[in-house]
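Following: one structure in structure tokens, then a few remarks.
Number of protein chains: 2
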Amino acid sequence: MSTTQSESHVLSKSCQYALRAVVYIAANATPSHLTGAQEMADSLEIPKHFLSKILQQLTRNQLVSSTKGPNGGFYLSEENERTTIDRIVEIMDGPGLFKACVLGMPECSAVHPCPLHFQAVDYRDGLYHKLKRLTIQELADVVHKGHVQL
Amino acid sequence: MSTTQSESHVLSKSCQYALRAVVYIAANATPSHLTGAQEMADSLEIPKHFLSKILQQLTRNQLVSSTKGPNGGFYLSEENERTTIDRIVEIMDGPGLFKACVLGMPECSAVHPCPLHFQAVDYRDGLYHKLKRLTIQELADVVHKGHVQL
DNA sequence: TGAATAAAAGACCCTTATATCCTTTATTCA
DNA sequence: TGAATAAAGGATATAAGGGTCTTTTATTCA
């Protein structure tokens with residue numbers, strides 16, 4: 236009974252990598268030692284070239300900072316550290332994730348709900364509101380205390 | 236500042252179509268008038284051939300019933316009507332969705348959590364337990380009462 | 001029986017996500 | 001200044017998801 240399953244996910248792989256990378260930078264970069272793409276790729280076990288692409292995207296959107304050349308690499312400005320998780324998700328996966336209907340219907344709302352609207356909406360909104368208040372720095376702190384793996 | 240976003244989603248399109256189709260069948264098929272793929276495709280605005288393939292997958296897994304030939308089509312047995320939503324999701328998208336880590340880490344659990352584990356897990360499990368108790372028939376009833384759009 | 005109907009099945013194509021590679025630009029420091 | 005380093009950028013490859021088309025099989029009914 237072979238069934239071809241479409242392996243779905245909440246966050247794209249790019250977004251997952253982006254979040255882990257940014258938290259890694261927050262937890263490991265210091266003014267005297269910036270974090271390089273190579274170091275991150277090794278430590279987080281993310282394909283290096285793919286990670287570089289993602290980091291580029293984040294810097295272009297000013298969610299992480301970088302400098303080129305020897306001793307160059309990535310770091311977070313004070314402002315970068317206060318970035319909330321939802322911002323990263325939005326940059327990587329677009330604004331749709333926390334707004335779109337579970338069943339993909341264009342007109343789904345509390346007034347014209349799809350059959351799963353009320354089952355799904357609190358799940359979605361609950362997560363969204365948490366991520367909207369949670370900063371990179373806060374996650375990095377938890378990592379530093381060793382309570383969590385990256 | 237062009238950012239190539241990877242449009243993520245909770246349920247795959249195949250799964251969204253599958254759920255809508257099954258609820259449609261439950262709400263519209265009668266012993267004297269089975270629902271055809273064409274009718275469903277038209278009514279739900281789903282590409283017909285794609286829908287057919289999905290329906291095939293569901294019948295192969297005995298979540299919907301069908302007969303060929305003139306006046307043939309799809310219908311739900313009594314047992315089919317009591318199928319819970321999580322079963323459909325599992326057939327279409329695999330068993331991973333409600334178990335996998337938000338950040339895609341293989342070893343994520345309450346003991347070795349990823350940075351977002353506790354933020355995500357209760358919502359994920361909450362939705363899962365709802366879908367595990369919710370049947371096709373129950374959704375079809377809501378549709379019949381006109382409270383919901385398909 | 002045979003023509004018409006509708007699902008089952010399989011081959012195929014297009015788009016997007018994921019991943020890799022190569023070249024260019026900026027920076028450091030000997 | 002120039003060699004080395006590391007990010008930025010662009011072009012390309014691979015895989016999976018989404019979608020289409022054609023043929024086969026089962027069923028009905030005239």
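Quick note, the sequences are listed as chains C and E, same order.
Just so we're aligned, residue 236 is where the first sequence starts under the numbering used here, counting upward by one.
Just so we're aligned, residue 236 is where the second sequence starts under the numbering used here, counting upward by one.
Glycine included, each C-beta is placed from N, C-alpha and C at the ideal position.
Distance, residue j Cα to residue i Cα
{"i": "C/G361", "j": "E/N306", "result": "46 Å"}
{"i": "C/K283", "j": "E/G329", "result": "29 Å"}
{"i": "C/I302", "j": "C/Q273", "result": "The question names Ile, but residue 302 of chain C in the sequence shown is Thr. Spanning the two alpha carbons is a distance of roughly 15 Å."}
{"i": "E/Q372", "j": "C/Y358", "result": "23 Å"}
{"i": "E/I323", "j": "C/K380", "result": "41 Å"}
{"i": "E/I281", "j": "E/I289", "result": "11 Å"}
{"i": "C/P341", "j": "E/V257", "result": "19 Å"}
{"i": "E/T319", "j": "C/T319", "result": "36 Å"}
{"i": "C/V377", "j": "C/C343", "result": "37 Å"}
{"i": "C/G339", "j": "E/A345", "result": "31 Å"}
{"i": "E/H347", "j": "C/P348", "result": "38 Å"}
{"i": "C/Q291", "j": "C/G304", "result": "15 Å"}
{"i": "E/P266", "j": "E/Q354", "result": "47 Å"}
{"i": "C/E316", "j": "C/V356", "result": "29 Å"}
{"i": "C/L269", "j": "C/S300", "result": "10 Å"}
{"i": "E/G271", "j": "C/G271", "result": "58 Å"}
Among the options, the one whose alpha carbon lies nearest that of residue i
{"i": "E/E325", "options": "E/H347, E/M340 and E/L298", "result": "E/L298"}
{"i": "C/L374", "options": "E/H352, E/Q292, E/R359 and E/K380", "result": "E/H352"}
{"i": "E/V337", "options": "C/L385, C/G381 and C/L286", "result": "C/L385"}
{"i": "E/H382", "options": "C/I289, C/Q292, C/P350 and C/L279", "result": "C/P350"}
{"i": "E/A276", "options": "E/L269, E/V356, E/L286 and E/H268", "result": "E/L286"}
{"i": "C/R295", "options": "C/M327, C/Q354, C/A355 and C/V356", "result": "C/M327"}
Chain E within 7 Å of residue i, Cβ atoms only
{"i": "C/R255", "result": "yes"}
{"i": "C/P341", "result": "no"}
{"i": "C/E242", "result": "yes"}
{"i": "C/K365", "result": "yes"}
{"i": "C/I326", "result": "yes"}
{"i": "C/G329", "result": "yes"}
{"i": "C/V356", "result": "no"}
{"i": "C/A293", "result": "Looking at the sequence shown, residue 293 of chain C is not Ala but Leu. It does not; no Cβ of chain E falls within 7 Å."}
{"i": "C/L332", "result": "yes"}
{"i": "C/T238", "result": "yes"}
{"i": "C/L290", "result": "no"}
{"i": "C/Q251", "result": "yes"}
{"i": "C/L338", "result": "yes"}
Rounded Cβ spacing between residue i and residue j (contact assumed at less than 8 Å)
{"i": "C/D321", "j": "C/Y363", "result": "7 Å"}
{"i": "C/L279", "j": "C/R255", "result": "5 Å"}
Any chain C beta carbon closer than 7 Å to residue i
{"i": "E/P348", "result": "yes"}
{"i": "E/Q372", "result": "no"}
{"i": "E/A247", "result": "The sequence given here places Ser at residue 247 of chain E; Ala does not occur at that position. Closer than 7 Å to some Cβ of chain C, the Cβ of E/S247 qualifies, so yes."}
{"i": "E/G361", "result": "yes"}
{"i": "E/L311", "result": "no"}
{"i": "E/V383", "result": "yes"}
{"i": "E/V299", "result": "no"}
{"i": "E/L286", "result": "no"}
Proximity test, residue i beta-carbon vs the ligand HEM heavy atom, cut-off 6 Å
{"i": "E/A262", "result": "Among the components modelled here there is no ligand, and therefore nothing to report on the ligand HEM."}
Are three or more beta carbon pairs between the segment 240–258 of chain E and the segment 241–254 of chain C nearer than 8 Å?
Cβ pair count under 8 Å is three or more, so yes.
Taking 8 Å as the threshold, find out whether the segment 261–271 of chain E comes into contact with the segment 307–318 of chain E through three or more Cβ pairs.
Between the segment 261–271 of chain E and the segment 307–318 of chain E there are three or more C-beta pairs closer than 8 Å, enough to call the two in contact.
Any chance the segment 322–334 of chain C sits against the segment 355–373 of chain C, with 3 or more Cβ pairs inside 8 Å?
Yes, they touch.
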